[in-house]
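*Asks:*
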Amino acid sequence: MEHAQKLQEVRSVLKEVGEDTLEALLMIDAIQRLGIDYHFHGEIEVVLQRLHTKFNTVSDCHNNLYELALGFRLLRQEGYYVSADVFNNLKDTEGKLQEKLSEDIKGLMGLYEASQLCIKGEDILEEIGNFSSQLLNAWNTHNDHSQARIVRNTLGHPHHKSLARFMAKSFLSDFQGTDGWVNVFRELAKMDFNVVKSIHQKEMLQVSKWWKDLGLAKELKFARNQPLKWYMWPLAVLPDPSLSEQRVELTKPISIVYIIDDIFDVHGTLDELTLFTEAVNRWEYAAVEQLPDYMKICFNALNGITNEISSKVYNDHGWNPMESLRKAWACLCNAFLVEAKWFADGHVPKADEYLKNGVISSGVHVVLVHVFFLLGHCITKRNVDIVDDFPEIISSVAKILRLWDDLGSAK
Numbered sequence: 001m002e003h004a005q006k007l008q009e010v011r012s013v014l015k016e017v018g019e020d021t022l023e024a025l026l027m028i029d030a031i032q033r034l035g036i037d038y039h040f041h042g043e044i045e046v047v048l049q050r051l052h053t054k055f056n057t058v059s060d061c062h063n064n065l066y067e068l069a070l071g072f073r074l075l076r077q078e079g080y081y082v083s084a085d086v087f088n089n090l091k092d093t094e095g096k097l098q099e100k101l102s103e104d105i106k107g108l109m110g111l112y113e114a115s116q117l118c119i120k121g122e123d124i125l126e127e128i129g130n131f132s133s134q135l136l137n138a139w140n141t142h143n144d145h146s147q148a149r150i151v152r153n154t155l156g157h158p159h160h161k162s163l164a165r166f167m168a169k170s171f172l173s174d175f176q177g178t179d180g181w182v183n184v185f186r187e188l189a190k191m192d193f194n195v196v197k198s199i200h201q202k203e204m205l206q207v208s209k210w211w212k213d214l215g216l217a218k219e220l221k222f223a224r225n226q227p228l229k230w231y232m233w234p235l236a237v238l239p240d241p242s243l244s245e246q247r248v249e250l251t252k253p254i255s256i257v258y259i260i261d262d263i264f265d266v267h268g269t270l271d272e273l274t275l276f277t278e279a280v281n282r283w284e285y286a287a288v289e290q291l292p293d294y295m296k297i298c299f300n301a302l303n304g305i306t307n308e309i310s311s312k313v314y315n316d317h318g319w320n321p322m323e324s325l326r327k328a329w330a331c332l333c334n335a336f337l338v339e340a341k342w343f344a345d346g347h348v349p350k351a352d353e354y355l356k357n358g359v360i361s362s363g364v365h366v367v368l369v370h371v372f373f374l375l376g377h378c379i380t381k382r383n384v385d386i387v388d389d390f391p392e393i394i395s396s397v398a399k400i401l402r403l404w405d406d407l408g409s410a411k
C-alpha cells in the first residue's frame, strides 16, 4: 500500500512539473539512475516530448552548460533527434572550446556523459568528450572529497554504458537535495530496491534448483558450474522486474552455451566434436546415438530446454520457434568446430577471418534469438527471418562482446 502511494506521488510530481526545464531534466535523470523508470514510461515520454520542442526552439535552455548537456543526452538516448551542433556554441572565436568551461565541474560531467552518445562523424561530440575527460581527470588529481568520487564514477561508468539497476544503490547514497521531490524519489527508490531485491532472490533460488535438478554439474565434472553467474546475463539484458519468468528461462540456454563451450575447449577430441556438431545440425536421435555418453547427456539437456522454451513461446505468443532455435544452436556449434580445427591444425586466422567466425562463437546470436521469442514482441514471419539471418543489430553486439572478451583474456 505504501509503495503504491509513493508511486502515485511521483506520478503527480511528474505531471505537475512546470516550465523549469532543468528541474524536469533532473527529475527524469534521477528516476532513470535510481532504476525506477520502468514505472513511469508514459509520464517520462510526455515530459520529454515537451522538452524536445523547447530544446529545438528556445535558445535560453542552452545557456546553462549542465542543462544543455543533460537535455541532449536524455533526449537522444530516448530516440529523439537532437543535433550535436548545439555544442558548437561552446566554442570561442578561434573555434576552440571556451576555457571558462573548465570552471563548471558539473557541466563537464554532463558533457562527458553526453559525448557517450556520439554517432560516427560527429566530431564535436568526440571533441567535447576528450576535452571534458582531460579536465575532469586533472581536477580529480587535486581533490579528494565526495564530488571527486562522483567524478571518478562518471568517468569510469558513464550512464549510457552502465546498467542503472546495478548503479542505483551508489547513486542513491549521493542523491541529495532540498527540493521536496528529492525525498519522494528517494523513499520510492528505497522501497523499490527491496521489492526488486526480493524478486531477484526468488529467481536465483529457481535457477539454482533448476540447475541442480538438471544434473549436468554432477555428470560433466569438467564443465563450469556457475548458474548464478550465468543468471547475471538475463539480469542485465532484461532488467524490468516484471520479466521474472523470462530471466529464469533465458538462464537455461545461456548455461548450455557455456557447457558446450567447455566441451569444445577443454574436453572433446576433434572427432567427437565433429560428431557432436553433426548431431546438432541434424537434430536426430540416430545421430545422437553415435556420441560418447557425456555428449549425449549434453545434447539431451539442450533438446529438453529447446523443447520446453518452444512450447512456452507457442503457448504464450502463438509461434513455434523450434526451427529458429535449432538453427541458432547449429550455427554456434559450427563456429565452435571451426575454432577447434584451427587449434588442432595450428592455424592462426587473419583478423577478418577470426572476427567473422568469432561473432558467432560469442554466443550472442543464440542468446538474443531466445530473448526475441521469450519477449514475444512483433513475432511475424518477416521479423523471424530477419532474426534468423544474423542482422547487424545482433552482429554488432556480438562483435563488441567478442572483442571485449578477447581483450579481457589477452596476455
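Per UniProt numbering, the sequence shown starts with residue 1, numbered consecutively. Beta carbons are placed, not taken as given, at the ideal position from N, Cα and C, and that holds for glycine.
To which residues of the same chain is L302 closer than 6 Å at the C-beta, ignoring the five residues directly before and after it?
*Replies:* I256
*Asks:* Given this structure, state the Cα-to-Cα distance separating D316 from K350, to the nearest angstrom.
*Replies:* Rounded to the nearest whole angstrom, the CA to CA distance from D316 to K350 is 44 Å.
*Asks:* In whole angstroms, give me the CA-to-CA distance for P253 and Q147.
*Replies:* Taking the straight line from one Cα to the other gives about 43 Å.
*Asks:* If you follow the alpha helix (DSSP H) that C331 is in, where does it begin and where does it stop?
*Replies:* M322 to D345
*Asks:* Within 8 Å, do at least three Cβ pairs link the segment 196-207 to the segment 238-247?
*Replies:* Judged by Cβ distances under 8 Å, the segment 238-247 makes contact with the segment 196-207, as three or more pairs qualify.
*Asks:* Which ranges does the alpha helix (DSSP H) cover as unbroken runs of at least 4 residues, wholly within the segment 127-161, from first to last along the chain?
*Replies:* List check, alpha helix (DSSP H) in window: 146-156.
*Asks:* If you reduce the DSSP assignment to three classes, tell me which class K91 lands in.
*Replies:* strand
*Asks:* Among M295, V195 and N89, which residue has its Cα nearest to the Cα of H3?
*Replies:* Nearest of M295, V195 and N89 to H3, Cα basis: V195.
*Asks:* Quick check: is any heavy atom of the ligand HEM less than 7 Å from the C-beta of K350?
*Replies:* Among the ligands in the structure shown, none appear at all, so the ligand HEM cannot be discussed.
*Asks:* By alpha-carbon positions, which one of V384, E187 and F193 ends up nearest to F373?
*Replies:* V384
*Asks:* Since R11 and E45 should fall inside the 8 Å C-beta cutoff, what is the C-beta to C-beta distance between them, to a whole number of angstroms?
*Replies:* With a Cβ gap of about 13 Å, R11 and E45 do not count as contacting.
*Asks:* In three-state DSSP terms, what is L97?
*Replies:* strand
*Asks:* Could you check whether the segment 264-272 touches the segment 366-381, counting it as contact only if at least three pairs of C-beta atoms, one from each stretch, sit closer than 8 Å?
*Replies:* With the cut-off at 8 Å, the segment 264-272 and the segment 366-381 do not touch.
*Asks:* When DSSP labels each residue in this structure, what does D389 get in the three-state scheme?
*Replies:* coil
*Asks:* With a CB to CB cut of under 6 Å and the five nearest residues on each side skipped, what residues in its chain are close to Y38?
*Replies:* D240
*Asks:* For L216, count neighbouring Cβ atoms within 10 angstroms of its own Cβ and tell me buried if that reaches 16, exposed if not.
*Replies:* buried
*Asks:* With three or more beta-carbon pairs closer than 8 Å as the criterion, would you say the segment 110-123 touches the segment 137-147?
*Replies:* no
*Asks:* Would you report the Cα separation of R382 and I393, rounded to the nearest angstrom?
*Replies:* 16 Å
*Asks:* When burial is assigned at 16 or more other CB atoms within 10 Å of the CB, is F222 buried or exposed?
*Replies:* Exposed.
*Asks:* Exposed or buried, what is G346 when buried is set at 16 or more other beta-carbons lying within 10 Å of its beta-carbon?
*Replies:* exposed
*Asks:* For V371, which three-state DSSP category applies?
*Replies:* In the displayed model, V371 falls within a helix according to three-state DSSP.
*Asks:* Could you tell me if R282 is buried or exposed, where buried requires 16 or more neighbouring beta carbons within 10 angstroms of its beta carbon?
*Replies:* exposed
*Asks:* Just verifying my parser: in three-state terms, what is the DSSP assignment at H377?
*Replies:* coil
*Asks:* Give me the residue from E219, D388 and L188 with the minimum Cα distance to P292.
*Replies:* E219
*Asks:* Can you give me the start and stop residues for the alpha helix (DSSP H) that N225 sits inside?
*Replies:* Counting along the chain, no alpha helix (DSSP H) covers N225, and no H or E run does either.
*Asks:* Please report how far the alpha carbon of N320 lies from the alpha carbon of F276, in whole angstroms.
*Replies:* C-alpha separation (whole angstroms): 25 Å.
*Asks:* Give the DSSP-derived three-state secondary structure of residue 443 in the structure shown.
*Replies:* Nothing can be reported for residue 443, as the shown portion of the chain is limited to 1 through 411.
*Asks:* Alpha carbon to alpha carbon, what distance is there between E289 and K296?
*Replies:* 7 Å
*Asks:* For the alpha helix (DSSP H) holding V266, just list the boundary residues, first then last.
*Replies:* Looking at the DSSP string, V266 is not in any alpha helix (DSSP H), and its letter there is neither H nor E.
*Asks:* Buried or exposed for Y285, going by 16 or more other Cβ atoms inside 10 Å?
*Replies:* exposed
*Asks:* Below 8 Å between beta carbons: does that hold for K399 and V359?
*Replies:* yes
*Asks:* To the nearest angstrom, how far is it from the Cα of H365 to the Cα of N334?
*Replies:* 13 Å
*Asks:* Using the rule of at least 16 other Cβ atoms within 10 Å of the residue's Cβ for burial, across every protein chain shown, is G35 buried or exposed?
*Replies:* buried
*Asks:* Kindly list the residues whose CB is nearer than 8 Å to the CB of V17, restricted to its own chain and excluding five residues on each side of it in sequence; keep chain order.
*Replies:* E23, A24, M27 and V47
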